[in-house]
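What follows is a set of notes on a single structure, which appears directly below.
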Amino acid sequence: MTNRTQPKLATTKEAGLIEMQQVVKTFSNAAGEFTALRGIDLTLNRGEFVAIIGKSGSGKSTLLNMLTGIDHPTTGKVIVEGVDVYAMSESKRSLWRGRNLGIVFQFFQLLPMLNLLENVMLPMDYVGMYDVDERPKRAMELLRMVGLEEHAQKLPRAVSTGQQQSAAIARALSTDAPIIVADEPTGNLDSRSANHIIDLFAELSERGKTIVMVTHDASMTKRTSRTVVISDGELVNETIAQSLPLLSQPLMKALSNKVEKLSFHPGETIIHSKEPVENFFMIAKGNVDVVLHKRRKDEVVIAQLSVNDFFGEMELLRGGKSVANVRAAEDTPVELLALSRDDFNWLLKESPLTEKAIGHIVQKRLGEQKQADRRKRRRLFG
Ligand code: ADP
Ligand code: MG
2 MTNRTQPKLA TTKEAGLIEM QQVVKTFSNA AGEFTALRGI DLTLNRGEFV AIIGKSGSGK
62 STLLNMLTGI DHPTTGKVIV EGVDVYAMSE SKRSLWRGRN LGIVFQFFQL LPMLNLLENV
122 MLPMDYVGMY DVDERPKRAM ELLRMVGLEE HAQKLPRAVS TGQQQSAAIA RALSTDAPII
182 VADEPTGNLD SRSANHIIDL FAELSERGKT IVMVTHDASM TKRTSRTVVI SDGELVNETI
242 AQSLPLLSQP LMKALSNKVE KLSFHPGETI IHSKEPVENF FMIAKGNVDV VLHKRRKDEV
302 VIAQLSVNDF FGEMELLRGG KSVANVRAAE DTPVELLALS RDDFNWLLKE SPLTEKAIGH
362 IVQKRLGEQK QADRRKRRRL FG
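Take 2 as the starting number for the sequence shown in this note's numbering and just add one per residue.
Given below as structure tokens:
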């Protein structure tokens with residue numbers, strides 16, 4: 002990426018950079034009505050590299066079209082950097098989009114009669130960015146960056162599908178927009194080129210750009226800073242998706258409707274030792290200490306858990322009372338998602354893979370507890 006052109010960054014705001022509020026999208030056609038998005042609430046922050054994943058037909062592209070102002074929500078609001086996207090006139094929105102968003106479309110949308118270099122220059126021409134004689138140079142640098150400099154003069158149909166996709170990515174970067182929105186941007190690339198593009202996106206997000214990338218390749222989410230799962234037009238609770246990744250997406254969605262949200266102050270006790278435990282807890286925010294012995298002077302912290310860890314499973318599975326005292330760490334408040342015993346049992350029945358994974362964790366934690374116990378006994382009596 003050229004360093005002559007640093008990304009233009011707007012001033013930081015308290016609210017999220019992109020906010021979708023109760024966005025519903027219903028398509029009507031001869032066959033009837035179909036609701037593709039069912040009340041999406043989503044806040045994305047500056048500099049995040051977000052993966053949106055979900056099965057084919059789950060509403061990923063429709064969701065992106067709402068973010069970019071390309072299609073209208075049926076109801077709900079989309080606010081980007083404080084601007085209500087759908088309160089603008091069509092022509093204003095189009096210019097706003099050109100200045101603020103770089104878009105990689107699922108089917109590229111390269112203009113067939115323009116060569117790759119001209120395609121990459123087009124957004125700069127449209128929003129009048131960079132001197133006229135600087136544009137070809139900049140476009141060429143972008144093509145070089147995606148490995149296409151030798152093909153700059155070719156028409157889209159004269160290059161491979163993967164190369165067209167790379168050209169579409171170069172075009173999305175041409176106006177140095179603060180937000181990049183990409184629909185399956187690596188879907189047609191070999192793994193080397195795909196990795197190169199992901200590296201590029203990661204680098205751009207480190208420099209402050211916000212990247213929203215739709216993908217059906219779950220392995221891509223290893224590289225992103227955040228993953229949002231959509232299932233049948235609804236977002237899955239992110240804590241559930243991260244804590245229990247082996248669940249199917251419909252199960253994640255079902256679970257999203259069963260959990261209860263709980264908040265704790267720093268240092269507040271969540272589970273007292275020797276009390277029965279009736280919930281499975283997932284950590285949505287903050288840190289949790291698992292402590293043996295209540296008296297401060299001889300307590301032993303046997304585990305420190307953080308976001309996307311869970312607890313309570315040992316007691317639920319082994320029918321016992323809590324051996325430890327579980328409390329919010331002193332540094333920050335804690336938010337938990339709680340699942341009742343019945344719903345936890347239902348979940349394990351529905352997802353044998355999750356049951357197995359949780360079983361492994363219980364074994365590991367039992368081992369850790371025994372060790373801590375032994376250490377403590379040595380300290381007291383040894
Ligand atoms: P994804 O990108 O996750 O594969 P889409 O957002 O493209 O899914 O589509 C979500 C659902 O909405 C699909 O069932 C699709 O058939 C339907 N859909 C998308 N666009 C239209 C449209 N213009 N008219 C009617 N139905 C549509
Ligand atoms: Mg799609």
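Note that the Cβ used here is the ideal one computed from N, Cα and C, for glycine as well.
Buried versus exposed, by CB contacts within 10 Å (16 or more), residue i
i	result
Asn-101	buried
Lys-322	exposed
His-152	buried
Met-130	buried
Gly-360	exposed
Thr-162	exposed
Lys-262	exposed
Gly-60	buried
Glu-15	Only weak support is given to the placement of Glu-15: the predicted model assigns it a pLDDT of 46, under 50, and the question is left unresolved by the model.
Ala-31	exposed
Leu-256	buried
Val-133	exposed
beta-carbon residue i near the ligand ADP non-hydrogen atom, thresh 8 Å
i	result
Ile-231	yes
Gly-40	no
Gly-77	no
Leu-64	yes
Asn-189	no
Lys-56	yes
Beta-carbon proximity check, residue i vs residue j, cutoff 9 Å
i	j	result
Val-260	Ile-271	no
His-294	Ile-54	no
Ala-183	Met-214	yes
Thr-333	Lys-298	no
Thr-240	Ile-284	yes
Thr-44	Gly-17	yes
Ala-329	Glu-269	yes
Val-105	Thr-225	no
Val-160	Leu-117	yes
Leu-338	Ile-231	no
Phe-265	Glu-314	no
Val-291	Phe-312	yes
Asp-233	Pro-246	no
Glu-82	Ile-19	yes
Residues bridged to residue i [DSSP beta-bridge criterion]
i	result
Met-141	According to DSSP, Met-141 bridges with nothing at all.
Ser-192	Answer by DSSP bridge pairing: none, since Ser-192 is not bridged.
Ile-19	Leu-45, Val-81
Gly-103	Ile-181
Leu-256	DSSP output for Leu-256 lists no bridge partner at all.
Gly-33	Asn-30
Val-291	Ala-304, Val-327
Check: residue i C-beta below 8 Å from any heavy atom of the ligand MG
i	result
Lys-61	yes
Val-215	yes
Gln-107	yes
Asp-184	yes
CB-CB length for residue i against residue j, believed under 8 Å
i	j	result
Val-128	Leu-96	7 Å
Thr-211	Ile-180	5 Å
Ala-169	Leu-111	6 Å
Arg-98	Thr-69	6 Å
Ile-303	Ala-373	4 Å
Cutoff 9 Å: residue i Cβ touching any chain D Cβ
i	result
Gly-129	Reference to chain D is not applicable here, since this structure consists of a single protein chain.
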